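Visitor: One point on numbering: in our numbering, the residue at position 104 of the sequence shown is 109, and numbering is uninterrupted.
Handing you a structure now.
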Amino acid sequence: MAEDLPSIVDLRQSATALRVQRGVMRMLRERHDMACYAEVPLSNGRRADVLAVGPKGEIWIIEIKSSLIDFQVDRKWPEYREFSDKFFFAKPPELDEEIFPESEGLIVADGHDGAILRDSPDTPLAPARRKALMLKLARMGADRIHVLMDPGPR
6 MAEDLPSIVD
16 LRQSATALRV
26 QRGVMRMLRE
36 RHDMACYAEV
46 PLSNGRRADV
56 LAVGPKGEIW
66 IIEIKSSLID
76 FQVDRKWPEY
86 REFSDKFFFA
96 KPPELDEEIF
106 PESEGLIVAD
116 GHDGAILRDS
126 PDTPLAPARR
136 KALMLKLARM
146 GADRIHVLMD
156 PGPR
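Next comes the structure, spelled out in structure tokens:
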């Protein structure tokens, strides 16, 4: 299994969550021209499962829920709203979509592709927060590439 994983996976995600993550990121890149980051730490101490940046600087956060219990025990998701223009849940095809709040966006994805089932309302970020987040993403992206190119000591 470990040889099938991307080299930047941190091994906290379930196999189902990793499949959903891959499908979400493929769909966002291919159909929405978004650059995606996985497992992004935010300044409020939370970690976004997927954070996507669009061609005009729009920022979406996608929270992956791989099972009913995963959704039921997680109450931190409202805290992502202040870091995104749009917020979505993402689920595997077998998880019932009725468990997710109708007020939030919803994506279904497997290991190959994804689809937006319900769009998210726009909640534009404050300019200062957008700037700070974009700087963080630029530095994190460059650092992740460096680690892939030179996995030695930092």
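Note that the Cβ used here is the ideal one computed from N, Cα and C, for glycine as well.
Just so we're clear, the structure is a prediction, and the values are computed from it rather than from any experiment.
Give every residue of the same chain whose Cβ lies closer than 7 angstroms to the Cβ of residue 86, excluding the five residues on either side of it in the sequence, and list them in chain order.
Guide: So the qualifying residues of the chain are 92, 128.
Visitor: Beta carbon of residue 54, beta carbon of residue 74: below 7 angstroms?
Guide: Not closer than 7 angstroms, so no.
Visitor: If you draw a straight line from the C-alpha of residue 21 to the C-alpha of residue 27, how long is it?
Guide: Roughly 10 angstroms separates the two Cα atoms.
Visitor: Would you give the residue range spanned by the beta strand (DSSP E) that residue 126 belongs to?
Guide: First-last for residue 126: undefined, no H or E at that position.
Visitor: Which residues mark the beginning and the end of the beta strand (DSSP E) in which residue 52 is found?
Guide: 52-58 is the span of the beta strand (DSSP E), which, as asked, contains residue 52.
Visitor: Please state the DSSP three-state secondary structure of residue 136.
Guide: If DSSP states are grouped into helix, strand and coil, residue 136 belongs with the helices.
Visitor: In the structure shown, what three-state DSSP assignment does residue 105 receive?
Guide: Three-state result, residue 105: coil.
Visitor: Below 8 angstroms on the Cβ atoms is my guess for residue 24 versus residue 97; work out the distance and round it to an integer in Å.
Guide: With a Cβ gap of about 7 angstroms, residue 24 and residue 97 count as contacting.
Visitor: In the DSSP assignment, the beta strand (DSSP E) including residue 88 goes from what residue to what residue?
Guide: Here residue 88 belongs to no beta strand (DSSP E), and DSSP marks it neither H nor E.
Visitor: Give me the Cα-Cα distance between residue 119 and residue 36, rounded to the nearest whole angstrom.
Guide: In a straight line, the C-alpha of residue 119 is about 10 angstroms away from that of residue 36.
Visitor: From residue 116 to residue 136, what does the alpha carbon distance come to, in whole angstroms?
Guide: Answer to the nearest angstrom: the Cα atoms are 32 angstroms apart.
Visitor: Where does residue 44 fall in DSSP's three states?
Guide: Three-state DSSP puts residue 44 in a strand.
Visitor: Can you tell me whether residue 39 is buried or exposed? The criterion is at least 16 other CB atoms within 10 Å of its CB, across all chains shown.
Guide: Buried, since its Cβ has 16 or more Cβ neighbours within 10 Å.
Visitor: Taking its Cβ as the centre, do 16 or more other Cβ atoms sit within 10 Å of residue 99, making it buried, or is it exposed?
Guide: When all chains shown are included, residue 99 counts as exposed.
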